[in-house]
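Engineer: Here's a structure for you.
Numbering (this note's numbering), first residue to last: 3 to 268.
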């Protein structure tokens, strides 16, 4: 039996959900997503997800969610309908239907969908491969969680072909940016580092939690600094924090999470 999804006010079988042929999200990638981890019916860092979604909608000219409590209730119902205790929920917000071409209609009627999948634990460690794809600090697709994921998809495909789990991307200036679906951190001694948002970095919700919890130096960093790190790890809403063990087959750091990072996700 297929799962249950929510779309535009209706509960439907997931295999039957469909986007309108003129939906701008499907045709042009004109929309945003939020990927959220749900544990025992509760969305981790829900407020951070809604704040980011609202901010992104405002910046990109999309109608934002007006009822965060209502969305939280729908997610709880969605997870219950699918009989899931631990899940990953995707919220997809598009600019809705529109005419052919780039211009949005005068009145945007957004489309909102929620779908849930069982949580699959991440690997104990990640192996990275350096991607030839570079992120532009000026790119909307790099700085916002949009539907335009082609760079990340291609980077992941190439990394898998190289025997790695995830791609590591630099920005167009050669600075460290992050993983194909994750933020990047590393430690040297007692110091913790991460690329600045101006390096084509998505403002991840787990990244924000770490920055609010411990001192972290966010800045422009070169690849060589990563090779000298004591520990390297990647973060996103689904996996939390996972250590990195190698880059292009070369060992990186200890292959373990620093204790104070692990304590944040205990």
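Each residue gets a CB set at the ideal place from its N, CA and C atoms; glycine is no exception.
What residues are listed by DSSP as bridge partners for residue 94?
Structural biologist: In the chain shown, counting from the first residue as 1, residue 94 sits at position 92. 35, 115.
Engineer: According to DSSP, is residue 3 part of a helix, a strand, or is it coil?
Structural biologist: Along the chain shown, one-based indexing puts residue 3 at 1. The predicted model places residue 3 with a pLDDT of 42, which falls under 50 and marks its position as unreliable; any figure quoted below should be read in that light. Three-state result, residue 3: coil.
Engineer: Whole angstroms is fine: what's the gap from residue 224's alpha carbon to residue 40's?
Structural biologist: On the chain shown, residue 224 is found 222 positions in, with the first residue counted as 1. On the chain shown, residue 40 is found 38 positions in, with the first residue counted as 1. C-alpha separation (whole angstroms): 35 Å.
Engineer: Have a look at residue 70 and residue 33 and give me their C-alpha separation to the nearest angstrom.
Structural biologist: By 1-based counting over the chain shown, the position of residue 70 is 68. By 1-based counting over the chain shown, the position of residue 33 is 31. Spanning the two alpha carbons is a distance of roughly 18 Å.
Engineer: DSSP three-state call for residue 17: helix, strand or coil?
Structural biologist: The residue labelled residue 17 in the question sits at position 15 within the chain shown. In this structure, residue 17 counts as helix in the three-state DSSP scheme.
Engineer: Between the Cα of residue 227 and the Cα atoms of 196, 6, 73, which residue gives the shortest distance?
Structural biologist: Translated into the one-based positions of the chain shown, residue 227 becomes position 225. The residue with the shortest Cα to Cα distance from residue 227 is 196.
Engineer: Contact defined as beta carbons within less than 8 Å: I believe residue 110 pairs with residue 67. What is the distance between those atoms, to the nearest angstrom?
Structural biologist: Translated into the one-based positions of the chain shown, residue 110 becomes position 108. Translated into the one-based positions of the chain shown, residue 67 becomes position 65. At roughly 14 Å, the Cβ-Cβ gap does not stay under 8 Å, so residue 110 and residue 67 are not in contact.
Engineer: Expressed to the nearest angstrom, what Euclidean distance is found between the alpha-carbon atoms of residue 200 and residue 210?
Structural biologist: Taking the first residue of the chain shown as 1, we reach residue 200 at position 198. Taking the first residue of the chain shown as 1, we reach residue 210 at position 208. Each residue's Cα considered, the two are about 15 Å apart.
Engineer: Give the DSSP-derived three-state secondary structure of residue 50 in the structure shown.
Structural biologist: Sequence index remark: in the chain shown, residue 50 carries index 48 (1-based). Helix.
Engineer: Considering only the alpha carbon of each residue, which of 63, 49, 74, 208 lies closest to residue 241?
Structural biologist: Working through the chain shown from its first residue, we reach residue 241 at position 239. Looking at the Cα atoms, 208 is the closest of the given residues.
Engineer: If I measure Cβ to Cβ from residue 198 and keep anything under 7 Å in the same chain, skipping five residues before and after, which residues do I get?
Structural biologist: Translated into the one-based positions of the chain shown, residue 198 becomes position 196. So the qualifying residues of the chain are 220, 221, 222.
Engineer: Tell me which same chain residues have a C-beta within less than 6 Å of the C-beta of residue 185, skipping the five on either side of it?
Structural biologist: Working through the chain shown from its first residue, we reach residue 185 at position 183. Answer for residue 185: 206, 209, 237, listed in chain order.
Engineer: Give me, in chain order, the residues of the same chain whose beta-carbon lies closer than 6 Å to that of residue 146; leave out the 5 immediate sequence neighbours on both sides.
Structural biologist: Here residue 146 is taken as the residue at index 144 of the chain shown, counted from 1. These residues qualify, in order along the chain: 58.
Engineer: Look at the alpha carbon of residue 3 and the alpha carbon of residue 79, and state the distance between them as a whole number of angstroms.
Structural biologist: Position 1 of the chain shown, counted from the first residue, corresponds to residue 3. Position 77 of the chain shown, counted from the first residue, corresponds to residue 79. Its pLDDT being 42, under 50, residue 3 is placed unreliably in this model, and the coordinates cannot settle the point.
Engineer: Do you know how far the Cα of residue 180 is from the Cα of residue 253?
Structural biologist: Here residue 253 corresponds to residue number 251 of the chain shown, with the count starting at 1. Here residue 180 corresponds to residue number 178 of the chain shown, with the count starting at 1. So the two alpha carbons sit approximately 18 Å from each other.
Engineer: Rounded to whole angstroms, what's the CA-CA distance from residue 96 to residue 191? Just pull it up for me.
Structural biologist: As a first step, residue 96 must be located in the chain shown, where it is residue number 94. As a first step, residue 191 must be located in the chain shown, where it is residue number 189. Rounded to the nearest angstrom, the two C-alpha atoms are 44 Å apart.
Engineer: Among the candidates 24, 143, 84, 22, whose CA atom is the shortest distance from the CA of residue 61?
Structural biologist: By 1-based counting over the chain shown, the position of residue 61 is 59. Measuring from the Cα of residue 61, the nearest candidate turns out to be 143.
Engineer: Using the Cα positions of residue 148 and residue 26, report the straight-line distance between them to the nearest angstrom.
Structural biologist: As a first step, residue 148 is located in the chain shown; it is residue number 146 there, counting from the start. As a first step, residue 26 is located in the chain shown; it is residue number 24 there, counting from the start. Their Cα atoms are separated by approximately 12 Å.
Engineer: Suppose contacts are defined by Cβ-Cβ distances below 7 Å. Is residue 138 in contact with residue 43 by that definition?
Structural biologist: Working through the chain shown from its first residue, we reach residue 138 at position 136. Working through the chain shown from its first residue, we reach residue 43 at position 41. Not a contact, by the Cβ cut-off of 7 Å.
Engineer: Which parts of the stretch 206-265 are runs of the alpha helix (DSSP H), unbroken and 4 residues or longer, counting only runs that do not cross its ends?
Structural biologist: Segments of the alpha helix (DSSP H) lying fully in the stretch 206-265: 207-215, 225-229.
Engineer: As a quick exercise: from 116, 156, 98, 114, pick the residue whose alpha carbon is nearest that of residue 108.
Structural biologist: Indexing the chain shown from 1 puts residue 108 at position 106. Among 116, 156, 98, 114, the Cα nearest to that of residue 108 is on 98.
Engineer: Starting from the Cα of residue 261, find the closest Cα among 233, 122, 127, 248 and give me that residue.
Structural biologist: Walking along the chain shown from the start, residue 261 turns up at place 259. For residue 261, the nearest C-alpha among the options comes from 233.
Engineer: Just the C-alpha distance for residue 215 and residue 193, rounded to the nearest angstrom, thanks.
Structural biologist: By one-based count along the chain shown, residue 215 stands at place 213. By one-based count along the chain shown, residue 193 stands at place 191. Each residue's alpha carbon lies about 14 Å from the other.
Engineer: What's the gap between the Cα of residue 127 and the Cα of residue 230?
Structural biologist: Counting from 1 along the chain shown, the entry for residue 127 is found at position 125. Counting from 1 along the chain shown, the entry for residue 230 is found at position 228. In a straight line, the C-alpha of residue 127 is about 18 Å away from that of residue 230.
Engineer: Which one of 264, 245, 239 has the shortest CA to CA distance from residue 89?
Structural biologist: Residue mapping note: residue 89 aligns to position 87 of the chain shown, counting from 1. If we check each option's Cα against that of residue 89, 239 comes out closest.
Engineer: For residue 270, count the other beta carbons within 10 Å of its own beta carbon; 16 or more makes it buried, fewer makes it exposed. Which is it?
Structural biologist: This structure does not reach residue 270, given that the chain is present from 3 up to 268, and the question cannot be answered.
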